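J.: This structure is in structure tokens; I'll ask about it shortly.
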Amino acid sequence: MEPNELERFEAIVLPHLDAAYTLARYLTRDDHDAQDVVQDAYLRALKYFGGFRGEESGEARAWVLAIVRNTAHTWRRRHRADALATEFDEERHSEAVTGDHPAAALDRDTARESVRQALERLSPEFREVIVLRELQGLSYKEISDVTEAPVGTVMSRLARARRRLRDMLSAAQEKD
Amino acid sequence: MTHRELELLLDAYVDGELALGDARELEAHLTECGDCARLHEARLVLSDAIRQQVPAFRAPDPLRTRVRAALRSAAGAPNTRRRLPPLVWRSLALAGSLVVAVGSWRFALDRAHGQALTDQVLASHVRSLMPGHLADVASTDQHTVKPWFNGKVDFSPPVYDFAGRGFPLIGGRLDYVGGRPVAALVYGRRQHLINVFLWPAAQGPVGGAAAVTRQGYHLLHWATRDYAYWVVSDLGLPELRDFAGLLQRGDSATAAPTR
Numbered sequence: 532m533e534p535n536e537l538e539r540f541e542a543i544v545l546p547h548l549d550a551a552y553t554l555a556r557y558l559t560r561d562d563h564d565a566q567d568v569v570q571d572a573y574l575r576a577l578k579y580f581g582g583f584r585g586e587e588s589g590e591a592r593a594w595v596l597a598i599v600r601n602t603a604h605t606w607r608r609r610h611r612a613d614a615l616a617t618e619f620d621e622e623r624h625s626e627a628v629t630g631d632h633p634a635a636a637l638d639r640d641t642a643r644e645s646v647r648q649a650l651e652r653l654s655p656e657f658r659e660v661i662v663l664r665e666l667q668g669l670s671y672k673e674i675s676d677v678t679e680a681p682v683g684t685v686m687s688r689l690a691r692a693r694r695r696l697r698d699m700l701s702a703a704q705e706k707d
Numbered sequence: 015m016t017h018r019e020l021e022l023l024l025d026a027y028v029d030g031e032l033a034l035g036d037a038r039e040l041e042a043h044l045t046e047c048g049d050c051a052r053l054h055e056a057r058l059v060l061s062d063a064i065r066q067q068v069p070a071f072r073a074p075d076p077l078r079t080r081v082r083a084a085l086r087s088a089a090g091a092p093n094t095r096r097r098l099p100p101l102v103w104r105s106l107a108l109a110g111s112l113v114v115a116v117g118s119w120r121f122a123l124d125r126a127h128g129q130a131l132t133d134q135v136l137a138s139h140v141r142s143l144m145p146g147h148l149a150d151v152a153s154t155d156q157h158t159v160k161p162w163f164n165g166k167v168d169f170s171p172p173v174y175d176f177a178g179r180g181f182p183l184i185g186g187r188l189d190y191v192g193g194r195p196v197a198a199l200v201y202g203r204r205q206h207l208i209n210v211f212l213w214p215a216a217q218g219p220v221g222g223a224a225a226v227t228r229q230g231y232h233l234l235h236w237a238t239r240d241y242a243y244w245v246v247s248d249l250g251l252p253e254l255r256d257f258a259g260l261l262q263r264g265d266s267a268t269a270a271p272t273r
């Protein structure tokens with residue numbers, strides 16, 4: 532690779548490292564795993580950088596986030612056996628809450644953390660649209676590019692994710 | 015629009031994604047529909063709560079350093095395909111040494127050769143799941159994937175997109191199986207990946223596919239007049255057989271695949 536190609540990559544893609552780490556962190560729910568995913572994703576991004584034609588910063592962000600997402604999903608498939616987590620199947624599990632993460636269980640009683648806990652218990656498909664929209668402010672079109680789902684699907688998935696979050700939070704309040 | 019239709023548009027409205035005309039109509043509806051107004055209010059409260067309580071992270075400095083170093087070293091050695099980590103080799107070797115039930119191989123290959131090929135196909139599948147190894151050409155367009163193989167293998171593999179049947183094409187890759195370069199096509203099924211390996215050879219059970227299960231992966235193998243096919247996935251066997259059926263029908267529909 533030409534040295535100035537690496538410089539161009541560093542100038543265009545590296546600034547989105549925080550966004551990449553945030554997405555990976557919520558998808559893996561673990562700092563260490565998120566770091567591994569981000570490093571893998573950036574190496575893949577470098578490999579495919581020749582095919583990236585975007586010009587705006589937003590395009591580079593959506594492009595690298597798509598790679599982070601795919602890397603995180605591959606990572607999840609590989610760790611499925613350890614996690615004993617039921618694989619998410621939208622048709623079968625869209626109304627089911629995935630199993631509690633141990634970290635979430637530890638601080639379940641801290642009211643301040645409740646929204647974050649609820650988010651972490653959402654299925655990955657719901658979690659990622661919430662993170663991309665609410666934390667990172669991506670447009671539906673950008674979320675569609677990142678998740679490889681049609682815009683209409685993004686819209687309905689977001690609506691369902693929020694409804695699910697709100698149900699979880701109101702259930703938590705009733706317990707108090 | 016009806017109340018139900020407008021309710022479905024509320025999220026898009028809150029996200030500022032609604033076309034102006036629809037937004038006007040929804041705003042008018044909000045002034046007269048108590049249910050929608052409450053739902054709208056709840057959405058705003060939820061978004062506020064998320065932004066206040068769920069942090070966006072800053073990448074840790076050690077990660078920043080690590081990524082920069084990894085990029086430098088990768089950019090410095092462009093054409094060397096990264097070798098598999100030793101751990102993976104060890105686990106593949108271990109898997110190869112396990113005694114496995116081979117099922118009924120009806121084709122005339124000798125058993126040892128068949129097993130070696132099964133091992134290689136499975137190893138290629140597992141390797142393809144590691145980051146960065148899945149596809150050399152990532153495209154859902156069969157007309158992009160098929161020509162990509164020109165000049166890379168000495169045959170032009172039949173490539174179909176079965177997105178309409180729930181098996182979207184994801185891409186293609188050059189792989190090496192049985193001592194020769196082969197075409198690997200990648201398909202998806204929900205969260206599952208399916209690798210299709212094919213090369214010109216008419217050996218094996220023509221018609222019905224022979225099945226083997228190893229390490230939780232299913233392998234299907236059959237041959238047509240022109241090609242040997244291997245299909246590997248962690249997808250359930252019935253669904254994988256459906257997929258194999260699509261491939262077989264697609265292949266027989268092609269009068270004479272270009273060689």
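Line by line, the protein sequences give chains A and B.
In this text, residue positions in the first sequence follow the numbering used here: the first is 532, and each later residue adds one.
In this text, residue positions in the second sequence follow the numbering used here: the first is 15, and each later residue adds one.
Using N, Cα and C, we set each Cβ at its ideal position, and we do this for glycine too.
Everything numeric in this text was worked out from a predicted model, so none of it was measured.
(1) Going by DSSP, what residues sit across from I208 (chain B) in a beta bridge?
(2) Among B:C50, B:L131, B:G186 and B:W213, which residue has its Cα nearest to the Cα of L207 (chain B)?
(3) Closer than 8 Å is the cut-off here; do at least three beta carbon pairs connect the segment 192–209 of chain B with the segment 224–238 of chain B?
(4) Would you say P252 (chain B) faces chain A, with C-beta separation under 8 Å as the test?
(5) Could you tell me the alpha carbon to alpha carbon distance between L234 (chain B) and V246 (chain B), rounded to whole angstroms?
(6) Examine chain B for any beta-carbon lying closer than 8 Å to the beta-carbon of D564 (chain A), and answer yes or no.
(7) Compute the distance between the beta-carbons of L260 (chain B) and F181 (chain B), then report whether it is under 8 Å.
(8) In angstroms, rounded to a whole number, what distance separates the CA positions of P145 (chain B) and R194 (chain B)?
(9) Where do the N-terminal and C-terminal ends of the beta strand (DSSP E) with L183 (chain B) fall, by residue?
(10) Nearest CA to the CA of W594 (chain A): which residue from A:N535, A:T602 and A:A576?
(11) Cβ of E31 (chain B) less than 8 Å from any chain A Cβ?
(12) Is L77 (chain B) closer than 8 Å to Y552 (chain A) when the C-beta atoms are compared?
(13) I want to verify the contact list: residues of chain B whose CB lies under 9 Å from the CB of D522 (chain A), in sequence order.
(14) Among the residues of its own chain, which have a CB less than 6 Å from the CB of V196 (chain B), if the five just before and after it don't count?
(15) Under the rule that 16 or more other beta-carbon atoms within 10 Å means buried, what is M15 (chain B), buried or exposed?
(16) In chain order, what residues of the same chain lie with their CB nearer than 8 Å to the CB of Q156 (chain B), ignoring the 5 residues before and after it?
(17) If you measure between the beta carbons of A680 (chain A) and A603 (chain A), is that distance less than 8 Å?
(18) Out of curiosity, what's the CA-to-CA distance linking R608 (chain A) and A130 (chain B)?
(19) Using a Cβ-Cβ cut-off of 6 Å (strictly less than) and excluding sequence neighbours within five positions of A703 (chain A), which residues of its own chain qualify?
(20) Just to confirm before moving on: does the CB-CB distance between L689 (chain A) and D25 (chain B) stay below 8 Å?
(21) Would you mind giving the Cβ-Cβ distance between V677 (chain A) and R584 (chain A), rounded to the nearest angstrom? I have them listed as a contact below 8 Å.
(22) For R592 (chain A), write down the residues that DSSP places opposite it in a beta bridge.
(23) Closest Cβ-Cβ distance between G178 (chain B) and chain A: below 8 Å?
(24) Take E39 (chain B) as the anchor and find which of B:T154, B:S138 and B:L20 has the nearest alpha-carbon.
(25) Please classify L32 (chain B) as buried or exposed, where buried requires at least 16 other C-beta atoms within 10 Å of its C-beta.
(26) Determine the direct distance from the alpha carbon of C47 (chain B) to that of E541 (chain A), and round the result to whole angstroms.
(27) First and last residue of the alpha helix (DSSP H) that includes L548 (chain A)?
(28) Using Cβ-Cβ distances below 7 Å, what residues of the segment 573–585 of chain A are close to chain B?
(29) Just reading off the alpha helix (DSSP H) that A83 (chain B) is part of, what are its end residues?
(30) Below 8 Å on the Cβ atoms is my contact criterion, and I expect V151 (chain B) with W244 (chain B) to pass it. Report the Cβ-Cβ distance as a whole number of Å.
(31) Using a threshold of 8 Å, state whether the C-beta atoms of A565 (chain A) and L596 (chain A) are closer than that.
(32) Might you give, ordered along the chain, the residues of its own chain that have their beta carbon closer than 7 Å to the beta carbon of R179 (chain B), omitting 5 neighbours on each side?
(33) To be precise: take each residue of the segment 65–82 of chain B, compare its Cβ to all Cβ atoms of chain A, and keep it if any distance is under 9 Å. Which residues remain?
T.: Taking the coordinates as given:
(1) Locating residue 208 (chain B) in the second sequence gives position 194, counting from the first residue. Partner(s): B:Y201 and B:S247.
(2) Numbered from 1 along the second sequence, position 193 holds the residue referred to as residue 207 (chain B). Among B:C50, B:L131, B:G186 and B:W213, the Cα nearest to that of L207 (chain B) is on B:G186.
(3) no
(4) Walking along the second sequence from the start, residue 252 (chain B) turns up at place 238. For P252 (chain B), the answer is no, since every Cβ of chain A falls outside 8 Å of its Cβ.
(5) Sequence index remark: in the second sequence, residue 234 (chain B) carries index 220 (1-based). Sequence index remark: in the second sequence, residue 246 (chain B) carries index 232 (1-based). Approximately 7 Å between the Cα atoms of the pair.
(6) Locating residue 564 (chain A) in the first sequence gives position 33, counting from the first residue. No, D564 (chain A) does not count as interfacial toward chain B.
(7) As a position in the second sequence, residue 260 (chain B) is number 246, starting the count at 1. As a position in the second sequence, residue 181 (chain B) is number 167, starting the count at 1. A contact, by the Cβ cut-off of 8 Å.
(8) Your numbering for residue 145 (chain B) matches position 131 in the second sequence. Your numbering for residue 194 (chain B) matches position 180 in the second sequence. Spanning the two alpha carbons is a distance of roughly 24 Å.
(9) Within the second sequence, residue 183 (chain B) is the residue found at index 169, counting from 1. That run of the beta strand (DSSP E) goes L183 to V191.
(10) Taking the first residue of the first sequence as position 1, residue 594 (chain A) is located at position 63. Looking at the Cα atoms, A:A576 is the closest of the given residues.
(11) Counting from one through the second sequence, the residue named residue 31 (chain B) turns up at place 17. So yes, E31 (chain B) belongs to the interface.
(12) Your numbering for residue 552 (chain A) matches position 21 in the first sequence. Your numbering for residue 77 (chain B) matches position 63 in the second sequence. Result yes, Cβ atoms of Y552 (chain A) and L77 (chain B) sit closer than 8 Å.
(13) The structure shown has nothing for residue 522 (chain A), since chain A only spans 532 to 707.
(14) Here residue 196 (chain B) is taken as the residue at index 182 of the second sequence, counted from 1. D189, F211 and W213.
(15) For the purposes of this step, residue 15 (chain B) is taken as residue 1 along the second sequence, with counting starting at 1. It counts as exposed.
(16) Residue 156 (chain B) sits at position 142 when you count from the first residue of the second sequence. Around Q156 (chain B): V173, Y174, D175 and L183.
(17) On the first sequence, residue 680 (chain A) is found 149 positions in, with the first residue counted as 1. On the first sequence, residue 603 (chain A) is found 72 positions in, with the first residue counted as 1. No; because the gap between Cβ atoms is not below 8 Å, this pair is not in contact.
(18) Here residue 608 (chain A) is taken as the residue at index 77 of the first sequence, counted from 1. Here residue 130 (chain B) is taken as the residue at index 116 of the second sequence, counted from 1. If you take the alpha carbons of R608 (chain A) and A130 (chain B), they lie about 26 Å apart.
(19) Residue numbering aside, residue 703 (chain A) sits at position 172 when the first sequence is read from its first letter. These residues qualify, in order along the chain: S645.
(20) Locating residue 689 (chain A) in the first sequence gives position 158, counting from the first residue. Locating residue 25 (chain B) in the second sequence gives position 11, counting from the first residue. Yes. Within cutoff.
(21) Position 146 of the first sequence, counted from the first residue, corresponds to residue 677 (chain A). Position 53 of the first sequence, counted from the first residue, corresponds to residue 584 (chain A). Actually they are not in contact, since the Cβ atoms of V677 (chain A) and R584 (chain A) sit about 17 Å apart, beyond 8 Å.
(22) Indexing the first sequence from 1 puts residue 592 (chain A) at position 61. Bridge partners of R592 (chain A): none, in fact.
(23) By one-based count along the second sequence, residue 178 (chain B) stands at place 164. With 8 Å as the cut-off, G178 (chain B) does not count as an interface residue toward chain A.
(24) As a first step, residue 39 (chain B) is located in the second sequence; it is residue number 25 there, counting from the start. When each option's Cα is compared against that of E39 (chain B), the closest is B:L20.
(25) Translated into the one-based positions of the second sequence, residue 32 (chain B) becomes position 18. When all chains shown are included, L32 (chain B) counts as buried.
(26) Position 10 of the first sequence, counted from the start, is the residue given in the question as residue 541 (chain A). Position 33 of the second sequence, counted from the start, is the residue given in the question as residue 47 (chain B). Each residue's alpha carbon lies about 51 Å from the other.
(27) Taking the first residue of the first sequence as position 1, residue 548 (chain A) is located at position 17. Its alpha helix (DSSP H) spans residues L548 to T559.
(28) Y573, L574, R575, L577 and K578
(29) Within the second sequence, the letter at position 69 stands for residue 83 (chain B). Looking at the DSSP string, the run of the alpha helix (DSSP H) that includes A83 (chain B) is D75 to G90.
(30) Walking along the second sequence from the start, residue 151 (chain B) turns up at place 137. Walking along the second sequence from the start, residue 244 (chain B) turns up at place 230. Rounded, the Cβ-Cβ distance is 19 Å, inconsistent with contact.
(31) To locate residue 565 (chain A), count along the first sequence from 1; it is residue 34. To locate residue 596 (chain A), count along the first sequence from 1; it is residue 65. No; because the gap between Cβ atoms is not below 8 Å, this pair is not in contact.
(32) Working through the second sequence from its first residue, we reach residue 179 (chain B) at position 165. The answer, listed in chain order, is L260.
(33) R65, Q66, Q67, V68, P69, A70, F71, R72, A73, P74, P76, L77, R78, R80, V81 and R82
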